[in-house]
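Below is one structure, written out as structure tokens, with a few remarks after it.
Given below as structure tokens:
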């Protein structure tokens, strides 16, 4: 009696029905993520023309049911596309966004501490500057913190608070010299003074105060 041939586990087999369903669901989800990306992010992806057009059409829709049907169509196109590089690109973008959010909150927390008089993290941020510039950077940070507290007490626009945020952010960014960071902070402060001057003139003329940019 002939012995049965040993099973070759390296022999490729077609995916099971359940695996196909899982793959299809994953592609549908990925298609939804692509559809929600801003146009600037989509331009960086090498999307097949038909898929790019389908996503563009989706963004132009307003009715819920129409958008749902278009997402299904996008999912169908995804099943005909090599989604591996797209999935990797979307994950890289998400990781980058998480990193940016983390950095923003770190700078925001440091600024808040400085405004409250807590200088526990001051020397760490000053140490990022070249040694010969640290005294200037330390002095500038403290000056902006004092000015920001004074502005808050007088309910003035937070020009110094914004300038302090930019200075701390620039110092933390790799490759940015402290001298450049201080210059940027001073520039934003001067710009803020110009905006506030326009607002004061508007109030004097009996006109409504113009809207300002974001207030950190």
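Residue numbers (the numbering used here): 3 to 218. Note that beta-carbon positions come from the ideal geometry of N, C-alpha and C, so glycine has one too.
C-beta atoms of residue i and residue j nearer than 7 Å
i: residue 149; j: residue 141; result: no
i: residue 147; j: residue 116; result: yes
i: residue 32; j: residue 78; result: no
i: residue 128; j: residue 171; result: no
i: residue 80; j: residue 29; result: yes
i: residue 50; j: residue 83; result: yes
Helix, strand or coil at residue i [DSSP, three-state]
i: residue 23; result: helix
i: residue 18; result: coil
i: residue 65; result: coil
i: residue 118; result: coil
i: residue 81; result: coil
i: residue 48; result: coil
i: residue 150; result: helix
i: residue 93; result: helix
i: residue 160; result: coil
i: residue 36; result: helix
Neighbourhood of residue i by C-beta, 6 Å cutoff - its chain only, sequence neighbours within 5 removed
i: residue 3; result: For residue 3, the predicted structure reports a pLDDT of 46, less than 50, and the residue's modelled location is therefore unreliable. A value from the coordinates is still provided. Cβ neighbours of residue 3 beyond the five flanking positions: none.
i: residue 19; result: none
Cβ-based neighbour list, residue i, same chain, cut-off 7 Å, excluding 5 preceding and 5 following
i: residue 2; result: The question about residue 2 has no answer, for the chain in this structure spans 3 to 218.
i: residue 151; result: 117
Residues of its chain near residue i, where Cβ-Cβ distance is below 8 Å and the 5 sequence neighbours each way are ignored
i: residue 56; result: 72, 75, 76 and 79
i: residue 48; result: 87
i: residue 174; result: 105, 108, 109, 127 and 130
Minimum Cβ-Cβ distance from residue i to chain D less than 7 Å
i: residue 60; result: The structure shown has no chain D; it contains just one protein chain.
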